[in-house]
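Sequence order for the protein chains is F and L. Position one of the first sequence corresponds to residue 423 (the numbering used here), numbered consecutively onward. Position one of the second sequence corresponds to residue 423 (the numbering used here), numbered consecutively onward. We put the CB at the ideal spot given by N, CA and C, even for glycine. For clarity, every value in this text was computed on a predicted model and none was experimentally measured. Report on one structure; see the data block that follows.
2 protein chains.
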Amino acid sequence: MKFELSQEFLDQLVLDIETHNNDSISGQISQLHPADIADVMGNLSTDQAKYIYELLDEELAAESLMELDEEFREQLLKLFSPEEIAEQVDNLDSDDAADLLGELDEDEIDEVIAQMEDREHASEVTELLNYDEDTAGGLMQSEFMTANWNWPVDKALVELRKQAEQVEKVYSIYIVDDEQHLKGILSLKQLLFASPKTPIKDIYKEKDLRVAKTHDSSEDVVQMMEKYDLVSIPVVDRQNKLVGRITIDDVVDVIREEAEKDFQMASGISTNVESSAGVLKHTRSRLPWIIVGLVGGVASSQIIQGYEGQITLNPSLAFFIPLIASTAGNVGVQSSAIIVQGLASKDFQFNGIMKQLGKEALIGLLVGAICSAFIFGVLYFLNGDMNLGITVSASLFMVVIIAAVLGAFVPLILNKVKIDPALATGPFITTANDIIGLTIYFIVAYFVYF
Amino acid sequence: MKFELSQEFLDQLVLDIETHNNDSISGQISQLHPADIADVMGNLSTDQAKYIYELLDEELAAESLMELDEEFREQLLKLFSPEEIAEQVDNLDSDDAADLLGELDEDEIDEVIAQMEDREHASEVTELLNYDEDTAGGLMQSEFMTANWNWPVDKALVELRKQAEQVEKVYSIYIVDDEQHLKGILSLKQLLFASPKTPIKDIYKEKDLRVAKTHDSSEDVVQMMEKYDLVSIPVVDRQNKLVGRITIDDVVDVIREEAEKDFQMASGISTNVESSAGVLKHTRSRLPWIIVGLVGGVASSQIIQGYEGQITLNPSLAFFIPLIASTAGNVGVQSSAIIVQGLASKDFQFNGIMKQLGKEALIGLLVGAICSAFIFGVLYFLNGDMNLGITVSASLFMVVIIAAVLGAFVPLILNKVKIDPALATGPFITTANDIIGLTIYFIVAYFVYF
């Protein structure tokens, strides 16, 4: 029942492909879930993947295609003619179809749509292509089950049975009036246990109706579905007409992508790249923040140069440059990460910026006190130089507090001016804190030594 | 229909609480969704929250409690007697009940369970408490709908109607034999359109049956449900007996928590803290990696001290210490983040470690070449010192390559020995690369200058 991909399985499959042993391939592949088939294909060359793909029945082939890595799918689709792609699109749910088309060039999209056999499906998909992919309209599918609120239960059952052929996963029935305006939701459970002659009007649920509008941001949709534990949500247009639904599996994908994007952003990677992407793509996504860091490094060098005289007199001051800079960076990254997360989960809804900054200052005070006591002890033990100990520990104390506050301040401000605060974590904070930290260090040294 | 929490709403509510205007409070609160009530309560003091809580009807009160921040709920529960907690637990689904009990002390748990009215529920909940919270058993609930495979559809409907009262959200019916062994799944859609006399045996789906075992890790459950787009999954014990189900909303929570944990780990925060946690808790979670960074800083200082002679002769060498150290750190964090993500999404299933390291080396080569050309240009323009330009740019080139490879190597190795690779990102990599980077820098300087 459970499929585990193994190297042996892949080796056997490659052998079967080379020897055109189609029966053996079909026997091994056609019973698998599309997600498993995609796993298999993702571990082959595109030519091999296409070979397998052509042995699958239409619907399974189309679904497996959608489960592939975007990167790999793009490569694979280059081997397909527009007719072949159109065939796949015909077999996909409207949201997947639109996603797939969205990955093609503008010309190709038109060509594929022209080649589609199911014209009604073609116009549904065309409709969906109009929506920005980061909106509810971009996430929704046109397949859903709907019943008129004037129908009795038995009539609804007859109508729904027809609709059910088009809709793979049914969680609820959307109740509409004669003008297709959304009135409420009926769960399958309610329908299952209702008596046949009851009018739908009397049993559907109006209370707690959660609806997405086509132009709502996908972030808002995710938040609503997560907060209210919904598995699907109806989507209406500006006139409150029911036009689609969004299911939880798509929302889970969005959550996953957002989390990956945040993680990468915090690590200083500027565009979302799959780990499987090519070397050039990786290089492009990593360079920008590295260059920013370099510019920061040059700025640091200018600051230190300003204190060249001090270093010449006390070369040991140079020893602790990395300690000051890296601690400032580390502390800043921590506090900005906490703020970014708090903002994302709306924890600070009614707390002012000042309150958060005050809290970070307090944490910085504690961390700073402990760190500077620690480092004073270590330095005294290592070389007993009182002046150096005082310089490093006193400046560390100040640097930690400032880094904590600045790390909190930047994302709070970015959020205020509607820039993604996750941008602030990582290299930006590190670089800013390096510069500030070193400046404080040399100023303190000036006062201690002269 | 849609509720938006506002400061005015909160102010009014606080006023109502102070004047004991219970009718007004109930009127405003009792129509809200538990998640919204929790939002309201989370913005009040625990005493105020408890006041509101007591005005809610039992079930709504219990559900709102479960929607609260863990932190806040803990505080609030301190105001409750064991009897009061038992009353809540009686009203919760078994999984929520077990989660709530899990937050109490051992003694308290026993006392609460002893006070529960619904004895059957009490033993279900007690059963669930045996499972580790990071396993399928720890995620599952005992409420689900089940039908014997020997029943005809009409008999099943009668039985299911009884069960339906206990089960809030129904996605599928689990089909069992006489010994409660799981045989397959029946969707509500199939049941809805089946004719009354058909035996269940003839319509249920056996193919593609995905099952979790009680001792499966929650990570595996998440991965399975995400991969196969499941909204619920049955859980069986070691004898394949059906004992529970896990629903997608709990899995979404796990995904969210995992993502937050990874993000915090990468930012050098050692234990998972809510942004709303107290100053002491934050300080405790942030100190460990800062101290590690300090120790690294001391190590760096020792390395630089070893090259004191060089600095005395060429103080300008000290200027670029932060640039070398921070670039090494930045590059290392980027490559470790990519590896950590690739490991999490199983992208490297069949790629050897060597292949990944080779790729990172190649990326490092490109990034390093561009960075060192850039910095050579900048330095030449700034002070025209050829020796310094060569030292900084040549060592930067090497440092970047090594940092990229090391950043990839550490998480790959940690993963091999089954330690969470996310531990490797952040301060650890930064610190290691600081030390290595500076060593290379001074060695290069030695060869250039002497």
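Supposed contact pair residue j and residue i - C-beta distance, whole angstroms, cut 8 Å
| i | j | result |
| --- | --- | --- |
| F/Asn-444 | F/Ala-484 | In fact, because the Cβ distance is near 20 Å, the residues do not count as touching under 8 Å. |
| F/Asn-570 | F/Asp-600 | 7 Å |
| L/Ser-748 | F/Thr-705 | About 19 Å; that fails the 8 Å criterion. |
| L/Met-567 | L/Gln-585 | 5 Å |
| L/Val-753 | L/Ala-825 | 4 Å |
| L/Ser-516 | L/Leu-482 | Between L/Leu-482 and L/Ser-516 the Cβ distance is about 18 Å, and since that is not below 8 Å, they are no contact. |
| L/Ile-862 | L/Val-821 | 5 Å |
| F/Ile-797 | F/Leu-818 | 6 Å |
| F/Leu-499 | F/Ile-507 | 7 Å |
| L/Leu-608 | L/Ile-595 | 4 Å |
| F/Lys-611 | L/Leu-610 | 7 Å |
| F/Ser-692 | L/Ala-688 | No, F/Ser-692 and L/Ala-688 are not in contact; Cβ-Cβ is about 16 Å, not under 8 Å. |
| F/Val-547 | F/Val-511 | 7 Å |
| F/Pro-849 | F/Trp-711 | 4 Å |
| F/Leu-765 | F/Asn-837 | 5 Å |
Helix, strand or coil at residue i [DSSP, three-state]
| i | result |
| --- | --- |
| F/Arg-667 | strand |
| L/Leu-604 | strand |
| F/Pro-710 | helix |
| F/Thr-557 | strand |
| L/Ser-639 | strand |
| L/Ser-564 | coil |
| L/Ile-841 | coil |
| L/Ser-452 | coil |
| F/Ile-595 | strand |
| L/Val-695 | coil |
| L/Asn-855 | helix |
| L/Val-673 | helix |
| L/Lys-500 | coil |
| L/Ser-446 | helix |
| L/Lys-611 | helix |
| F/Asn-513 | helix |
| F/Lys-629 | coil |
| L/Val-658 | strand |
| F/Pro-737 | coil |
| L/Pro-849 | helix |
Residues that residue i contacts on chain L, provided the C-beta gap is smaller than 8 Å
| i | result |
| --- | --- |
| F/Val-701 | Lys-781, Leu-784, Ile-785 and Leu-788 |
| F/Thr-734 | Thr-734 and Pro-737 |
| F/Ala-858 | Sequence check: residue 858 of chain F is Ile here, not Ala. None at all; the shortest Cβ gap to chain L is about 12 Å. |
| F/Phe-796 | Ile-713 and Leu-716 |
Interface residues of chain L facing residue i [CB-CB closer than 9 Å]
| i | result |
| --- | --- |
| F/Tyr-863 | What F/Tyr-863 touches in chain L: nothing, since even the nearest Cβ is about 11 Å away. |
| F/Val-592 | Ser-609, Leu-610, Lys-611 and Leu-614 |
| F/Pro-574 | Result: empty, since nearest Cβ-Cβ is about 15 Å, beyond 9 Å. |
Within chain F, partners of residue i - CB distance below 7 Å
| i | result |
| --- | --- |
| L/Ile-775 | Chain F residues near L/Ile-775: none, gap ~14 Å exceeds 7 Å. |
| L/Thr-705 | Ile-785, Leu-788 and Val-789 |
| L/Pro-849 | Asn-752 |
Neighbouring residues, chain L, relative to residue i (Cβ below 7 Å)
| i | result |
| --- | --- |
| F/Gln-756 | Ser-689, Gly-690, Ile-691 and Arg-708 |
| F/Lys-627 | Result: empty, since nearest Cβ-Cβ is about 12 Å, beyond 7 Å. |
| F/Pro-656 | The premise fails here: F/Pro-656 is roughly 13 Å from chain L at the closest Cβ pair, so nothing lies under 7 Å. |
Proximal residues of chain F, C-beta to C-beta of residue i below 9 Å
| i | result |
| --- | --- |
| L/Trp-711 | Asn-752 and Gln-756 |
| L/Asn-649 | Checking the sequence, you will find Lys at residue 649 of chain L rather than Asn. Residues of chain F passing the Cβ test: His-455, Ala-457, Asp-458, Asp-461 and Glu-489. |
| L/Gln-686 | Gln-756, Ala-759, Ile-760 and Gln-763 |
| L/Ile-677 | Val-674, Ile-677, Arg-678 and Ala-681 |
| L/Gly-583 | The residue asked about is misnamed: residue 583 of chain L is Arg in this sequence, not Gly. Chain F residues near L/Arg-583: Leu-614 and Phe-615. |
| L/Phe-742 | Gly-719, Val-720, Ser-722, Ser-723 and Ile-726 |
| L/Thr-853 | Ser-748 and Asn-752 |
| L/Ile-792 | Thr-705, Leu-709, Ile-712 and Ile-713 |
Near the ligand GTP: residue i beta-carbon under 7 Å from a heavy atom
| i | result |
| --- | --- |
| L/Lys-605 | Ligands in the displayed structure: none, and consequently the ligand GTP is not present. |
Chain F residues whose Cβ lies nearer than 8 Å to that of residue i
| i | result |
| --- | --- |
| L/Val-821 | Residues of chain F passing the Cβ test: none, with the nearest at roughly 12 Å. |
Please confirm if the region 742-753 of chain F is in contact with the region 660-677 of chain L, defined as three or more CB-CB distances below 8 Å between the two stretches. no
Residue ranges of each alpha helix (DSSP H) within the region 739-821 of chain L, 4 or longer: 743-766 and 775-805
Three CB pairs or more closer than 8 Å across the region 710-719 of chain L and the region 700-718 of chain F: no
Okay, do the region 654-661 of chain F and the region 631-646 of chain L touch, 3+ Cβ pairs below 8 Å being the bar? no
Any 3 or more C-beta pairs closer than 8 Å across the region 440-454 of chain F and the region 475-492 of chain F: yes
Contact the region 573-583 of chain F vs the region 620-637 of chain F: 3+ CB pairs below 8 Å: yes
For the region 779-799 of chain F against the region 691-707 of chain L, are there 3 or more C-beta pairs whose distance is under 8 Å? yes
Could you tell me whether the region 724-733 of chain L touches the region 729-742 of chain F, using the rule of 3 or more Cβ pairs below 8 Å? yes
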